[in-house]
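The opening residue of the sequence shown carries number 10 in this note's numbering; numbering runs sequentially from there.
Inspection log for the structure reproduced underneath, given as structure tokens.
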Amino acid sequence: MGLPDHAVELKGGCDCGAIRYKISIPPVEERPLSLSKPGPTFDSPPPHIAKAPHIAVCFCNSCRAASSSFAPAYIGNPAYMVTVSCLPQADEPSDVSLEGVKRLVERDQVRSDEGRPPFVPAVEVMRPGAPGAKGTWVRFYRGAGCNGFASRSFCGRCGTSVGYHFNMFAATNPRITRPDGWEDIMDICLGTVDREDLEKPYMQPERWYNWPTALPWIQELFKDAPGPRHPSFFTEDVLE
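Have a look at this one:
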């Protein structure tokens, strides 16, 4: 089905409320093309290439293990569409989770965002070394093959996996074409979206990344699910 053509805002965050985000998606005519392999001219994009954001399940081994899910789903966003608000860690010791913790905010979309620190661009918080991450519960992990251009972010208080930052134009990753002048991707874990937004029918995954890597029983489970199957995370390549 895919995201609606009109502008939409999605909200969500980690389970305890220490990390909250907003995804401000413009009308479809203002959405850029997704990343692509070098070569294609974006005046005449490949027929299957997706616009961003879009929602996909990734079957690569890294996403499966890091998310603890056999079908990890993400909203793949240009990072400039994502803003983040993080509560300070200063009020609790760093080892507080050893004794168990409770939610910091109510499980209510409006109240969760009341009285919080300002929402700031995701690249200022959700990547290693970002100044906005200092003194918060945001933590990072670089999985296999991530090198210096990608990292996963999670809440160090409740353990929720929140996102995946990826810089397309990093020197260590020259095989990516940067569309429309933007270079940072901020994938958000679909399960962290607030239920009020997630229950919308257009929030279903619409694409399937790294399909050949999926375990056989997983392929059988999702064989009738709608949407193109891709051999990697490049949407211009589609499996028949």
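Don't be surprised by glycine CBs; every beta carbon is placed ideally from N, CA and C.
What are the boundary residues of the beta strand (DSSP E) that R216 is part of? Taken as a continuous stretch (DSSP letters only), the beta strand (DSSP E) holding R216 covers 216 to 218.
Pick out the complete beta strand (DSSP E) segments inside the stretch 90 to 163, 3 residues or longer, and give them in chain order. Taking only runs of at least 3 residues, the beta strand (DSSP E) segments lying wholly in the stretch 90 to 163 are 91 to 95, 147 to 150.
For T50, which residues of its own chain have a beta-carbon under 6 Å away from its beta-carbon, when the five flanking residues on both sides are left out? Note that T50 scores 49 on pLDDT, short of 50, meaning its location in the model is unreliable and no value can be drawn from it.
May I ask you to report which of helix, strand or coil DSSP gives E18? Correct three-state label for E18: strand.
Should H15 be labelled buried (16 or more other beta-carbon atoms within 10 Å of its own) or exposed? By the 10 Å Cβ count, H15 comes out exposed.
Y211: buried (16+ other C-beta within 10 angstroms of its C-beta) or exposed? It is exposed - the Cβ of Y211 has fewer than 16 other Cβ atoms within 10 Å.
Please state whether DSSP places S241 in a helix, a strand or coil. S241 carries a coil assignment under DSSP once its states are collapsed to helix, strand and coil.
Can you tell me whether DSSP reads C72 as helix, strand or coil? If DSSP states are grouped into helix, strand and coil, C72 belongs with the helices.
Figure out for me which residue from S77, C25, K31, V114 has the closest Cα to the Cα of D206. Comparing C-alpha distances from D206 to each of S77, C25, K31, V114 shows the shortest one belongs to K31.
Residue from I197, L44, A142, I28 whose Cα sits closest to the Cα of S76: For S76, the closest C-alpha among the options I197, L44, A142, I28 is that of I197.
Let me check one thing: in DSSP terms, what residues is H63 bridge-paired to? Answer is G85.
For K60, which residues in the same chain have their Cβ closer than 8 Å to its Cβ, ignoring the five residues on either side in sequence? When the five nearest sequence neighbours on each side are left out, the beta carbons in the same chain lying within less than 8 Å of the beta carbon of K60 are those of V37, R40, P41, L42, S43, in order along the chain.
Report the partner residues of I194 according to the DSSP bridge assignment. DSSP output for I194 lists P87, F175 as bridge partner(s).
Do C72 and V254 come within 8 Å of each other at the CB atom, strictly closer than that value? Not covered by the structure: residue 254. The range shown for the chain is 10 to 249.
Taking Cβ positions, are Y83 and C67 nearer each other than 8 Å? Less than 8 Å separates the beta-carbon of Y83 from that of C67.
Range covered by the beta strand (DSSP E) that runs through R166: Premise fails: R166 is in no beta strand (DSSP E) and is neither H nor E.
What would DSSP say about R29, mapped onto helix, strand or coil? Strand.
Taking all protein chains shown into account, do 16 or more other C-beta atoms lie within 10 angstroms of the C-beta of P285, making it buried, or fewer, making it exposed? This structure gives no information on residue 285, because the portion of the chain shown stretches from 10 to 249.
Residues of its chain near R238, where Cβ-Cβ distance is below 6 Å and the 5 sequence neighbours each way are ignored: Counting only Cβ-Cβ distances below 6 Å, and skipping sequence neighbours, we find W217, W220, L248.
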